[in-house]
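Down below is the structure, laid out as structure tokens.
Residue numbers (UniProt numbering): 1 to 95.
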């Protein structure tokens, strides 16, 4: 049943009117490099601090991995996750 419906729809699609031709693109006023420079600057200003912050939080990953391998669990002291310590049965305390 669906093959017949698809065949009818495909056949009827060729009986429709052609769309109107696309109008030519308007000429741009002013330099386009200024817009590209502005947008690129905004992207760099946004991504730059994110990379920097990621670099500061990266050393914590090794301490968290050591804690989990020792059989402990990571306990956060604040809701933003900035201060943590390892709650483990052994002497391996991290943070």
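Note that CB positions come from ideal geometry on N, CA and C, so glycine has one too.
For residue 69, three-class secondary structure by DSSP: helix
Between the CA atoms of residue 40 and residue 85 - distance to the nearest angstrom: 40 Å
Nearest-angstrom beta carbon gap, residue 88 and residue 70 [assumed within contact, 8 Å]: 5 Å
Residue 29, enclosing beta strand (DSSP E) - first and last residue: Taken as a continuous stretch (DSSP letters only), residue 29 belongs to no beta strand (DSSP E), as it is neither H nor E.
6 Å Cβ shell around residue 31 - same chain, five flanking residues per side excluded: none
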